[in-house]
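Here is the structure we will look at.
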Ligand code: PMP
Ligand code: GLU
């Protein structure tokens, strides 16, 4: 059987693959420490679990739901945007999806024709480019300068723009860099997108996870025109520690959202019913667990960051949000005799038993990603092992 061209060219998700490899080695009995996945290590808050149990026991989780999600949850999504950001959407402008990942997938399927271009800043989250390609679109990469916190400027965007540019991918706070665009930067990007009729895809999934006084501005709040030009992607995975439940959502232009709902109706029918009832409690129930978890991440960041800087050769600006450090390890690799960052991370895994994600997966060949969505003891030991690895290699 010859597989489709589409699939033959498809790269598996490097974040998921690296995490799976770490688990596999651990299951074989090796003492592997993993700082790979962007997955909060907290168990989903109790009130959310209880809502799910209740949905199962009452029988209401037994059945298909509407493809766009249960009406109560779509209304909760509307309320969420109003309450948190003062944004007004109709229920018909919302879709509940199988994770934010499927919202993005359905979106690219809905807006792209062959050769349509999506501008994606580098470094990027691993799935954007592949999802664009799966929709026959073309990812156009624009390098965010490390000296500018990896952020792209409107001048760069204008250089990348062609008659085929359909959308621009915005991730702030960013996975993998943890950097946040300022209001002024976002306003410039928003106005540029409106002027040239380019859809802004705002992946706001880390919006609730910002630290040390940093501020997250949702681009859709900057003007009515920018809001109309934006599809916002979000979900419960990161904010409520619900990665396994697989619930995301999107809001924006009704025509695009309707197209996404049609795709969902043919592809998945609906997101898991029990997970939707759990997400309903997440959005409408007590919100204090968000702050508890945010504070834990903030503390880890503040403790981990200076330790990472002690690794010989490492350069890293302090992240403002999400839960990743994305240090530049070019000099570290030079010290240890590596030229390829993926080979470097593989050596760390095989020899130091530390699993991290190669920057190459995010388009950055000089960086590694360390997720601090894991417990402190693991993080401290991860840095110790990397340091010991580097010290040993540089003596050779
Ligand atoms: N966007 C970004 C930037 C992410 O890091 C992730 C990681 N899970 C997602 C979207 C997808 O999230 P989920 O499908 O779990 O909602
Ligand atoms: N988004 C998380 C990460 O970057 C989870 C894995 C994935 O979906 O890529 O690690």
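Residue numbers (our numbering): 984 to 1379.
Using N, Cα and C, we set each Cβ at its ideal position, and we do this for glycine too.
- Leaving aside the five residues that flank residue 1229 on each side, the residues in its chain whose CB is nearer than 7 Å to its CB run, in chain order, 1081, 1082, 1254, 1255, 1258.
- Judged by DSSP secondary structure, residue 1354 falls within the beta strand (DSSP E) whose first and last residues are 1351 to 1354.
- Going by C-alpha positions, residue 1069 is about 8 Å away from residue 1204.
- Beyond the five residues adjoining it in sequence on each side, residue 1179 comes within less than 8 Å, by CB distance, of 1144, 1148 in the same chain, given in chain order.
- Here the alpha carbon of residue 1030 sits roughly 8 Å from the alpha carbon of residue 1265.
- Straight-line measurement puts the Cα of residue 1175 at about 11 Å from the Cα of residue 1139.
- In summary, residue 991 is exposed, with fewer than 16 beta-carbon neighbours lying within 10 Å of its beta-carbon over all protein chains present.
- For residue 1214, no alpha helix (DSSP H) segment is defined; the enclosing uninterrupted segment is the beta strand (DSSP E) at 1213 to 1218.
- Here residue 1353 is not near residue 1243, since their CB atoms are 7 Å or more apart.
- Assignment of residue 1316 by DSSP, reduced to helix, strand and coil, places it in the helix class.
- Ranking 1089, 1375, 1198, 1333 by CA distance to the CA of residue 1008 puts 1333 first.
- For residue 1265, no beta strand (DSSP E) encloses it; the enclosing alpha helix (DSSP H) starts and ends at 1256 to 1267.
- In this structure residue 1161 is in contact with residue 1303, their Cβ atoms being roughly 6 Å apart against a cut-off of 8 Å.
- In the DSSP assignment, residue 1036 falls within the alpha helix (DSSP H) that extends over 1029 to 1040.
- Distance from residue 1260 to residue 1035 at the Cβ level is roughly 6 Å; contact confirmed, criterion being Cβ atoms closer than 8 Å.
- Taking the Cα positions, residue 1320 is about 38 Å away from residue 1151.
- DSSP, reduced to helix, strand and coil, places residue 1276 within a helical segment of the structure shown.
- Per DSSP, the beta-bridge partners of residue 1080 are 1231.
- Within 6 Å of the C-beta of residue 1231 there is not a single heavy atom belonging to ligand 2.
- If you check the C-beta of residue 1227 against ligand 1, you find no heavy atom less than 6 Å away.
- Taking C-beta atoms as the reference points, residue 1222 and residue 1185 fail to come closer than 7 Å.
- DSSP, reduced to helix, strand and coil, places residue 1360 within a helical segment of the structure shown.
- For residue 1135, no beta strand (DSSP E) run applies, since DSSP gives it neither H nor E.
- Excluding five sequence positions before and after residue 1335, the CB atoms of its chain that fall closer than 8 Å to its own CB belong to 1368, 1369, 1371, 1372, given in chain order.
- Scanning 1237, 1251, 1224 for the CA closest to the CA of residue 1262 turns up 1224.
- In this chain, residue 1168 is not harboured by any beta strand (DSSP E); it is covered by the alpha helix (DSSP H) spanning 1166 to 1178.
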